[in-house]
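Shown next, in structure tokens, is the structure this report addresses.
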């Protein structure tokens, strides 16, 4: 027997060496031994030899040891190098008008040509023979899903018919014209079928490449989405028509119309349904993935490929299925914060897919079409390129009358851009490759397929070389992205604000002890930024003239024409819509909006972008929830059929017999027995419809019918005796009577016809009544309807929650963008008009919220409770992230804490959708300035009155004297009213620190400060920052003509919330509300009463004592009468005057636009 290290001589040594390679990484090799015997038989074999053996010469090492492996998968190296080259080209060609994909294709052509002269690169020939089906399934899902996922669904929905006209009749017209033109002018002796296939191939456009050149150059979103939508559905139509036509040409068919009809049903309607069902499945799956971005990305990637594969495998269109999937999914379908990562992930995949597509195309062209490339081919290449653009232009021109009457309208400028942006790419190359890879029977057939591949590939390259590099110039020439005066003004304001913030940052950094000796002149020179828009000196002077006074360079309100005001208004409207969408996205990321509400609001805002002069309002947003009222109607109808007869609703009869019936009927066991009887009766009813059993057991089935009918009659009699006259008023009792009457008639007919000779009408009558017995089974719906009602209740609650979320999110969005009007509006008149519009829209939305709180208080309370829990958990998560990033908590420990927070967030879904609203007494315990103080709450409860108002009722007017303050308890409107006399009495009664008056001032100061921060620094999360610093905040009084030191090292921020102060160093006066600059270190009060909100530094806040707070409160309480008098310039003795001014102070903190009259 050979040993473990021996091998039979019948196996050649070279193959053994090739198979074994290296052994466990050691530098060993196999070699043949001819002079060593391992046994008496003298068998020869192979031995393992170490590199360090001294018995061999150096020249033997070359044959024995392979340091570099010979059989590496070179395809991997080629793919990776192509990706690397693509990244390199993208880096260096950003500012050069050379398409990267053209360079990649040229590289592929070079590789393909090299293989013609060298046999050392077999991998190139393998790539040239790639399977078209593999090519399709490998790259198409990425291209289609990315394009559909990036579509604006609401804009697409409105322009759907325009897209459909361009992608179906427009595509067919393109195919016909190009096919006819090719058939007439080509000299390659192509048949009509070959010409039509060529026309189909060249009529399709790439949805990614067509949009890339026009996406970020200022072109309208409508045009961009029209181009992308036309390309997407153009591709879907192309694949279907191409497969149908090629199949009809290559194979004979007996029932052509039937086969075409079946294929169209599968390709269009079945594919659409499949894509819709897939989107619902993916959405459901995503809803059950909590904060796991990796799983969500893998799910989106794998499902795109899986759905495409399954659709193609089942005979449907994978392109249409993926289009529907991508359109119905958007960034809000995924977890908050995943949108940017998803877009970048799919953009990367698209970039890599296009690199491989054009690399393979170059190799295939060089391998297969290079021998046919000559002067004549060049002439036809140019002819084909000009023809496809000309034909596309004629088709768009012919369809423009229809396009202009649909969607957003249409004009010749849009048509020119649509024509010129039609890049040929993935689908053109895939179909040409599919034809060229099929087996050719004759040399002429091979020549036709090769020339078709050559002209298709070169046409795609020419559209990239010429169209993509010149489409931007065309857009600018047609004036579709002109930089208007409002845009220039907005850019000017943005640059000025950035420069102001840079100057403020420099001022702060010059106070830094480490940076004080920096070269500030060089630093200021290094940060200077120019205007992005290139303007000549005359345009700059004109722009400055419109914004600055020519003498003192101060801001002025420049008189403009009505057209200029309209242009400024339109630009401001567009920017406000963008800000609204950002606000809705932010609310969704923070958990304040659910997924459906966020998608609805963002989509509604997008639909307003291209409606000139139209602001988003709550009345049109209402249409999104008003269309979902079907469950309410169903519930109303089913509620009449709920069997809910209760014993306590009927008085027991005096008769002993009737009282016994009453007792029996209203026992739960009675209903159970009735249900069991119905279940048992189902068996003979079913057996009656089985002929073999019915004929065999006919007498027994008759007896069963009599038996169960008797039981139904007995049940009805007992109920009638127990319920009396009210028996007939219940629907189910009426239904039971119908069953009894029909059953008695059934029995009578059977017994009546038994003695007569049977006839056809008699048999039919018996069959009909036998069939009507099925009605007895419907008695089981008594059990089903309550379950259905429960499901309807849940659906209605979800819809009401959806409605409240939309209204609440809309109001929050209006409040967020209100802080930005001053930065967006370029004119005082525009500012005032926009403010008025937004305030009106907000009030209308507040009305909807109030109506909901009045009509559905349990739903609203449930929503508010979940939002409160979500906000607190978000704060906990942000705090944990801050501690982890600061090194306070280890990452491992932080991960465990984060898991606990995530568990709590997951448990939010288990909270009930309806929660009983709290009473006025319960609300008082949560009022921040009462701080659950029992004495103060009892005093308020004793003095307060509950008042009710409806929409339109006046609580108080600006010009009249209010009599107290209202604590809002619920929507339309329940308030807890506290008169001003009782409030002043409470101020005098509760003086212990912190006093009641101080706490109210603190509450007002917090509201004013938070609003001021949001207006001046809207890009920061001040709600969270104020929450973090809440324990370090206090209110400071500054008396008139009294100086006060601020920013002394113990203060982070100081906000003037009431009154006026004077900067003692600069002499500058500040009016409330205002964030005092940190360069100001001492202020002097210049009003009768001045209030500062001070935010201490964290370490100072930790050392704060109750003694300090007490002294502040005592000082505040001691000065209260004088303060209230000085605030409003009235005598302290007049309670009505004080009440007016105090109410005004409170209301002005809630509404900054409130003005005294």
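Residue numbers (our numbering): 319 to 1475.
Virtual Cβ for every residue (Gly too), placed ideally from N, Cα, C.
These figures come from a predicted structure and were not determined experimentally.
Original post:
When the distance is taken between beta carbons, is residue 1170 closer than 7 Å to residue 1122?
Top reply: With contacts defined as CB atoms closer than 7 Å, residue 1122 and residue 1170 qualify as a contacting pair.
**OP:** Assign residue 1368 to one of three DSSP states: helix, strand, or coil.
**Re:** For residue 1368, the secondary structure class from DSSP, reduced to helix, strand or coil, is coil.
**OP:** Can you tell me which of 1213, 521 and 468 puts its alpha carbon nearest to the alpha carbon of residue 711?
**Re:** Closest option to residue 711, Cα to Cα, is 521.
Subject >> Extent of the continuous alpha helix (DSSP H) run through residue 728 >> reply: Per DSSP, residue 728 belongs to no alpha helix (DSSP H) and is neither H nor E.
Subject >> Boundaries (first-last residue) of the alpha helix (DSSP H) holding residue 1221 >> reply: Membership of residue 1221 in the alpha helix (DSSP H) is indicated by the continuous run 1209-1224.
Subject >> Run of the alpha helix (DSSP H) containing residue 680, from where it starts to where it stops >> reply: Where residue 680 is concerned, the enclosing alpha helix (DSSP H) stretches over 657-682.
Subject >> For residue 748, three-class secondary structure by DSSP >> reply: Three-state DSSP puts residue 748 in a helix.
Original post:
Using CA coordinates, which residue listed in 1374, 1184 and 1124 is at the minimum distance from residue 1166?
Top reply: For residue 1166, the nearest C-alpha among the options comes from 1124.
Original post:
Given a threshold of 16 other Cβ atoms within 10 Å of its Cβ, counted over all protein chains shown, does residue 756 qualify as buried or as exposed?
Top reply: Counting Cβ neighbours within 10 Å, residue 756 comes out exposed, since fewer than 16 surround it.
Original post:
Is it true that the segment 1320-1332 meets the segment 1368-1379, where meeting means three or more beta-carbon pairs spaced less than 8 Å apart?
Top reply: Three or more Cβ pairs drawn from the segment 1320-1332 and the segment 1368-1379 lie within less than 8 Å of each other, which places the two stretches in contact.
Subject >> Coil, strand or helix - residue 913 by DSSP >> reply: In the structure shown, residue 913 sits in a helix (DSSP, three-state: H, G or I).
**OP:** Confirm, please, whether the CB-CB distance from residue 779 to residue 750 is below 7 Å.
**Re:** Going by C-beta atoms, residue 750 is not nearer than 7 Å to residue 779.
Original post:
If you draw a straight line from the alpha carbon of residue 753 to that of residue 769, how long is it in whole angstroms?
Top reply: About 11 Å.
Subject >> Ordered list of alpha helix (DSSP H) runs contained in the segment 1051-1134, each at least 4 residues >> reply: Whole alpha helix (DSSP H) segments, 4+ residues: 1078-1090.
**OP:** Would you decide whether residue 546 is buried or exposed? Buried here means 16 or more other CB atoms lie within 10 Å of its CB.
**Re:** Counting Cβ neighbours within 10 Å, residue 546 comes out buried, since at least 16 surround it.
**OP:** Tell me whether residue 1026 sits in a helix, a strand or coil according to DSSP, three-state version.
**Re:** Looking at residue 1026 - three-state DSSP - the assignment turns out to be helix.
Original post:
Per DSSP, residue 398 is paired with what?
Top reply: Partner(s): none; residue 398 has no beta bridge.
**OP:** Express the C-alpha separation of residue 1390 and residue 832 in angstroms, rounding to a whole number.
**Re:** When rounded, the separation of the alpha-carbon atoms in residue 832 and residue 1390 is 34 Å.
**OP:** In the DSSP assignment, find the alpha helix (DSSP H) that holds residue 493 and state where it starts and stops.
**Re:** In the DSSP assignment, residue 493 falls within the alpha helix (DSSP H) that extends over 487-503.
**OP:** Helix, strand or coil for residue 928, going by three-state DSSP, please let me know.
**Re:** If DSSP states are grouped into helix, strand and coil, residue 928 belongs with coil.
Original post:
Distance, Cα to Cα, residue 642 vs residue 648?
Top reply: Each residue's alpha carbon lies about 12 Å from the other.
**OP:** Reducing DSSP to helix, strand and coil, say where residue 963 ends up.
**Re:** Because the pLDDT of residue 963 is 48, which lies under 50, any placement of that residue in the model is unreliable, and the number read from its coordinates should be weighed accordingly. The answer is coil: DSSP assigns residue 963 none of H, G, I, E or B.
Original post:
Using DSSP with H/G/I as helix, E/B as strand and the rest coil, what is residue 733?
Top reply: Helix at residue 733.
Subject >> C-alpha gap between residue 1362 and residue 1303, whole angstroms >> reply: C-alpha separation (whole angstroms): 31 Å.
Original post:
With DSSP run on the structure shown, which of helix, strand or coil describes residue 553?
Top reply: Correct three-state label for residue 553: helix.
Original post:
Where DSSP assigns a beta bridge to residue 1414, which residues make up the other side?
Top reply: In the DSSP assignment, residue 1414 forms a beta bridge with 1369.
Subject >> Endpoints, the beta strand (DSSP E) within which residue 1400 is located >> reply: Start and end: 1400-1403.
**OP:** Tell me whether residue 686 is buried or exposed, calling it buried when 16 or more other Cβ atoms sit within 10 Å of its Cβ.
**Re:** With 16 or more Cβ atoms within 10 Å of its Cβ, residue 686 is classed as buried.
Original post:
Using the C-alpha atoms, what's the distance from residue 1147 back to residue 1410?
Top reply: Using only the alpha carbons, I get a separation of about 33 Å.
Original post:
Three-state secondary structure (DSSP) at residue 1257?
Top reply: Reduced to three states, the DSSP call for residue 1257 is helix.
Original post:
For the segment 668-683 against the segment 918-931, are there 3 or more C-beta pairs whose distance is under 8 Å?
Top reply: The answer is no - the segment 918-931 does not touch the segment 668-683, with fewer than three Cβ pairs under 8 Å.
**OP:** Please classify residue 664: is it buried, with 16 or more other beta-carbons within 10 angstroms of its beta-carbon, or exposed?
**Re:** Counting Cβ neighbours within 10 Å, residue 664 comes out buried, since at least 16 surround it.
Subject >> Nearest residue (CA-CA) to residue 510, options 471, 485, 564 and 480 >> reply: Nearest Cα to residue 510 within the set 471, 485, 564 and 480: 564.
Original post:
CA-CA distance, residue 477 and residue 925?
Top reply: Taking the straight line joining both Cα atoms gives about 11 Å.
Original post:
residue 578 to residue 586, Cα distance in whole Å?
Top reply: In this model, residue 578 and residue 586 are separated by some 12 Å (Cα to Cα).
Original post:
How about residue 825 and residue 1397: do their beta carbons lie closer than 7 Å?
Top reply: Contact flag set, yes.
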